[in-house]
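S.K.: Take the numbering used here: the last position of the sequence shown gets the number 214, and nothing is skipped along the way.
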Amino acid sequence: VVATVQKILQPFKVASKQLQGEGISGKRSTSGGFDEYFQVVEMLLDHLELAVQGVIIEENDDHIMEEVHLFDDMDAKTRKLLKIYIKLGWKKLNDYYGKLTSTAYVAAVVFHPCKKWRTLEQLWNQLPSRQTSEWRKTYEGNLTRVWEEKYKDMAHEVACNAVSASESNSALDYIERRLAFSRSLVRPDSQERQSKRRKQSATLPVQDELD
4 VVATVQKILQ PFKVASKQLQ GEGISGKRST SGGFDEYFQV VEMLLDHLEL
54 AVQGVIIEEN DDHIMEEVHL FDDMDAKTRK LLKIYIKLGW KKLNDYYGKL
104 TSTAYVAAVV FHPCKKWRTL EQLWNQLPSR QTSEWRKTYE GNLTRVWEEK
154 YKDMAHEVAC NAVSASESNS ALDYIERRLA FSRSLVRPDS QERQSKRRKQ
204 SATLPVQDEL D
């Protein structure tokens, strides 16, 4: 049981270090800024949604993602208890995710000279719940007001070093590799789960066990 809990918590350890500013020397730096939160929380939500089904994605020493089954050789009572804890963790994390949809967090990404709208589009295009134009229209309106009121007349000069496709691939960190692997999986059930994620705040009731 302890080993299983450690496997479930490992991505949270990685995410915490990254958001505290632990970057990749010579390749990628992180500072825990607002613009870094979206993909981290998406990865963790996806991780818990798979974990409650008894599957997690682990990275081996060669940085290759693999599916690992959590509940093999585990009795039904222990399995049910772990699922309840996982669902509680998902619910709390999803509550925090709802706070990230404020204009401030979106603005941090869109106004970042190396990210802009394309970063959110790449992240959300794979999510059925985001595959509408409504989210972008709403944020565009809010950001236009912020831009016109605070930034439009401000002199500025921004430089951004272009990163080639090959350099970008070699610089992928754990979270980016994990998201890429998740998107590569063809999972109708996963798409259904994600489509419900933001529409209901408690889509994973804690008293039930998913068989």
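Virtual Cβ for every residue (Gly too), placed ideally from N, Cα, C.
Computed from a predicted structure; not experimentally measured.
1. Nearest to Val4 by alpha carbon, out of Glu69, Ala111, Trp138, Lys83?
2. Using only alpha-carbon positions, find the residue among Phe184, Gly24, Lys80, Val113 that is nearest to Leu146.
3. Can you tell which of Glu45, Ile67, Val8 has the C-alpha that lies nearest to the C-alpha of Tyr88?
4. From the DSSP output, in three-state form, read off Met157 for me.
5. So does the region 110-124 actually touch the region 48-61, counting three or more Cβ pairs closer than 8 Å?
6. Could you tell me which residues DSSP puts in a beta bridge with His72?
7. Using alpha carbons as the reference points, say which of Phe15, Met77, Phe37, Ile67 lies closest to Leu47.
8. Name the two residues that bound the continuous alpha helix (DSSP H) containing Pro14.
9. Going straight from the alpha carbon of Asn97 to that of Leu51, what length do you get?
10. With Ile89 as the anchor, note down where its alpha helix (DSSP H) starts and where it stops.
11. CB-CB under 8 Å to Ser169, same chain, minus the five flanking residues each way: which ones, in chain order?
12. Considering only C-alpha positions, which residue in the set Met157, Asp64, Phe37 is nearest to Lys119?
13. Should Ala79 be labelled buried (16 or more other beta-carbon atoms within 10 Å of its own) or exposed?
14. What are the boundary residues of the alpha helix (DSSP H) that Lys140 is part of?
15. Check whether the Cβ atoms of Glu45 and Leu126 sit closer than 8 Å, and answer yes or no.
M.R.: Concretely, from the data shown:
1. On the sequence shown, position 1 is the one that residue 4 refers to. Nearest C-alpha to Val4: Lys83.
2. Numbered from 1 along the sequence shown, position 143 holds the residue referred to as residue 146. Ranking the options by Cα distance to Leu146, first place goes to Val113.
3. For the purposes of this step, residue 88 is taken as the residue at position 85 of the sequence shown. Selected option, being the one with the closest Cα: Val8.
4. The count along the sequence shown starts at 1 and reaches residue 157 at position 154. Residue state, collapsed to three classes: coil.
5. no
6. In the sequence shown, the residue the question calls residue 72 occupies position 69. According to DSSP, which records beta bridges pairwise, His72 is partnered with Val58.
7. Sequence index remark: in the sequence shown, residue 47 carries index 44 (1-based). Ranking Phe15, Met77, Phe37, Ile67 by Cα distance to Leu47 puts Phe15 first.
8. Counting from one through the sequence shown, the residue named residue 14 turns up at place 11. Unbroken alpha helix (DSSP H) run through Pro14: 5-22.
9. By 1-based counting over the sequence shown, the position of residue 97 is 94. By 1-based counting over the sequence shown, the position of residue 51 is 48. Each residue's alpha carbon lies about 10 Å from the other.
10. Taking the sequence shown and counting its residues from 1, one reaches residue 89 at position 86. Counted as a single uninterrupted DSSP element, the alpha helix (DSSP H) harbouring Ile89 occupies residues 79-102.
11. By 1-based counting over the sequence shown, the position of residue 169 is 166. With a pLDDT of 37 at Ser169, under the threshold of 50, the modelled position of that residue is not reliable, and no figure is offered here.
12. Position 116 of the sequence shown, counting from 1, holds the residue named residue 119. Of the candidates Met157, Asp64, Phe37, the one whose C-alpha sits nearest the C-alpha of Lys119 is Phe37.
13. On the sequence shown, residue 79 is found 76 positions in, with the first residue counted as 1. Result: exposed.
14. Stepping through the sequence shown from its first residue, residue 140 is reached at position 137. Its alpha helix (DSSP H) spans residues 137-149.
15. As a working note, residue 45 is residue 42 in the sequence shown. As a working note, residue 126 is residue 123 in the sequence shown. Yes.
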